[in-house]
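Have a look at the structure below, then the notes.
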Amino acid sequence: DDVHSAASNTLQGVKDFSDAAADPIVSKVNNGTARLNTKVKVMIGKINKAIDDMKQGTHELAAGMTRGMKEASEKISAQLAQSVHEHVRQEIELARSAEPAS
101 DDVHSAASNT LQGVKDFSDA AADPIVSKVN NGTARLNTKV KVMIGKINKA
151 IDDMKQGTHE LAAGMTRGMK EASEKISAQL AQSVHEHVRQ EIELARSAEP
201 AS
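Each residue of the sequence shown is one higher than the last, beginning at 101 in the numbering used here.
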């Protein structure tokens with residue numbers, strides 16, 4: 101009976117010792133996990149902001165390109181109309197000068 105009691109006390113002592121040794125390790129791991137989770141949360145926030153900024157930048161780029169293309173198209177259209185008008189005027193003048201005098 102004494103041997104059983106001594107063995108039981110020894111096992112309990114080993115268990116208490118291992119529990120006491122494990123507590124700081126568990127606490128350290130939990131603290132490390134909490135710090136890592138905080139850093140991951142910050143990183144995800146920054147990634148999401150970068151994605152939003154990229155979306156906004158892409159939208160602004162597309163809008164700017166659309167405006168630029170419209171302005172260029174209008175400018176080319178005006179230049180073409182002016183060129184056609186000038187060419188027609190020259191052709192009319194040539195035709196008039198080629199007409200026989202009456």
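C-beta atoms are modelled at their ideal positions from N, C-alpha and C, and glycine is treated no differently.
Can you give the Cα-Cα distance for residue i and residue j, rounded to whole angstroms?
i, j, result
"His187", "Gly157", "44 Å"
"Glu174", "His159", "23 Å"
"Ala162", "Gly168", "10 Å"
"Gln112", "His104", "12 Å"
"Asn137", "Lys155", "27 Å"
"Leu180", "Thr166", "21 Å"
"Asn109", "Ile147", "56 Å"
"Gly132", "Asp102", "45 Å"
"Ala62", "Lys139", "With the chain covering only 101 through 202, there is no way to say anything about residue 62."
"Ser127", "Arg135", "12 Å"
"His185", "Ile192", "11 Å"
"Asn130", "Lys170", "60 Å"
"Asp152", "Gly164", "18 Å"
"Gln190", "Gln182", "12 Å"
"Ser177", "Leu194", "26 Å"
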